[in-house]
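Asks:
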């Protein structure tokens, strides 16, 4: 049995005195049932998955484009396991809400005007070093996942 075709793109960014960072985007390995899925890596520490699903038929009675962006920061991504009382992840943090808005704002104009199909983008932070920012990586991963879907 053959596996999925895995496609990857990698770039090394020189940040001057801050050092170099390696950014890698990969498709085909994770979330194979999503219409578009991208695993994004920043160095070897940060990994997030952006998956896109769109409705096949336009929604009736909508006079706007129904785009939903969710950012799920898992506790285990930072090495924390919820204890006995706090088993569930809970509501999104303020940072996650701001990243949702950062993704939605530049991505919404890239869709065709008049599109009424429901589109959902889910960004799941799977691994992150404490103190790392993943917003720019999430914007690029979400954009790539919508382009390939």
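Numbering (our numbering), first residue to last: 28 to 176. Even glycine gets a Cβ: it sits at the ideal position worked out from N, Cα and C.
#1: Rounded to the nearest angstrom, what separates residue 46 and residue 169 at their Cα positions?
#2: Quick one, are the C-beta atoms of residue 91 and residue 138 less than 8 Å apart?
#3: Since residue 164 contacts residue 69 with CB under 8 Å, what's their CB separation in whole angstroms?
#4: For residue 34, count neighbouring Cβ atoms within 10 angstroms of its own Cβ and tell me buried if that reaches 16, exposed if not.
#5: Using the C-alpha atoms, what's the distance from residue 64 back to residue 176?
#6: Within this structure, are the beta carbons of residue 77 and residue 150 separated by less than 8 Å?
#7: In the DSSP assignment, the alpha helix (DSSP H) including residue 124 goes from what residue to what residue?
Replies: According to the data block:
#1: Here residue 46 is taken as the residue at index 19 of the chain shown, counted from 1. Here residue 169 is taken as the residue at index 142 of the chain shown, counted from 1. If you take the alpha carbons of residue 46 and residue 169, they lie about 26 Å apart.
#2: Reading the chain shown from its first residue, position 64 is the one you call residue 91. Reading the chain shown from its first residue, position 111 is the one you call residue 138. Their beta carbons are not under 8 Å apart, which means residue 91 does not touch residue 138 by this criterion.
#3: For this step, residue 164 is matched to residue 137 along the chain shown. For this step, residue 69 is matched to residue 42 along the chain shown. Between residue 69 and residue 164 the Cβ distance is about 5 Å, and since that is below 8 Å, they are a contact.
#4: Locating residue 34 in the chain shown gives position 7, where the first residue counts as 1. Residue 34 is exposed by the Cβ-count criterion.
#5: Within the chain shown, the letter at position 149 stands for residue 176. Within the chain shown, the letter at position 37 stands for residue 64. C-alpha separation (whole angstroms): 8 Å.
#6: For this step, residue 77 is matched to residue 50 along the chain shown. For this step, residue 150 is matched to residue 123 along the chain shown. Their beta carbons are under 8 Å apart, which means residue 77 touches residue 150 by this criterion.
#7: If you number the chain shown from 1, residue 124 lands on position 97. 121-134 is the extent of the alpha helix (DSSP H) around residue 124.
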